[in-house]
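Here is the structure we will look at, set down as structure tokens.
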Amino acid sequence: MSPEEYCQIWVPVLYKTLPGQRGYKARCIEELAKITGFTEQSIKNWGADFKGHPDYVKVILKQANIINEFRQLFKKHFVDGT
Numbered sequence: 001m002s003p004e005e006y007c008q009i010w011v012p013v014l015y016k017t018l019p020g021q022r023g024y025k026a027r028c029i030e031e032l033a034k035i036t037g038f039t040e041q042s043i044k045n046w047g048a049d050f051k052g053h054p055d056y057v058k059v060i061l062k063q064a065n066i067i068n069e070f071r072q073l074f075k076k077h078f079v080d081g082t
């Protein structure tokens with residue numbers, strides 16, 4: 001999963017900020033740093049479209065996506081009481 005795909009899915013969910021809104025890119029960089037362990041500056045160095053990321057980042061983001069999906073399911077079925 002590319003950094004751009006990950007952010008398009010999870011930044012709106014986790015930060016309530018949509019693509020194109022003020023602060024979206026900053027939240028995206030913040031989330032990518034949190035998930036990958038890279039510094040925010042390193043992520044900025046990947047470029048505006050994040051195409052300069054190391055290949056293995058796609059694997060990390062796919063795993064994080066799966067974990068986030070499980071968290072959402074758990075929250076929906078067990079925390080919200082539905």
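Read left to right, the sequence shown gives residues 1 to 82 (this note's numbering).
Glycine included, C-beta positions come from ideal geometry on N, C-alpha and C.
| said: Please return the same chain residues whose Cβ sits closer than 8 Å to the Cβ of K75, not counting the five positions on each side in sequence. | reply: Closer than 8 Å at Cβ, skipping near neighbours: no residue.
| With respect to the alpha helix (DSSP H) encompassing V59, which residues constitute its N-terminal and C-terminal limits? | Here the alpha helix (DSSP H) through V59 covers 57-74.
| message | Whole angstroms are fine: how far does the CA of E40 sit from the CA of I29? | response | When the Cα atoms are used, I29 and E40 turn out to be separated by approximately 6 Å.
| query | Is any beta-carbon of chain C found at less than 7 Å from that of Q63? | reply | Any reference to chain C falls outside this structure, which holds one protein chain only.
| Between the C-alpha atoms of E4 and D49, what's the straight-line distance to the nearest angstrom? | Roughly 7 Å separates the two Cα atoms.
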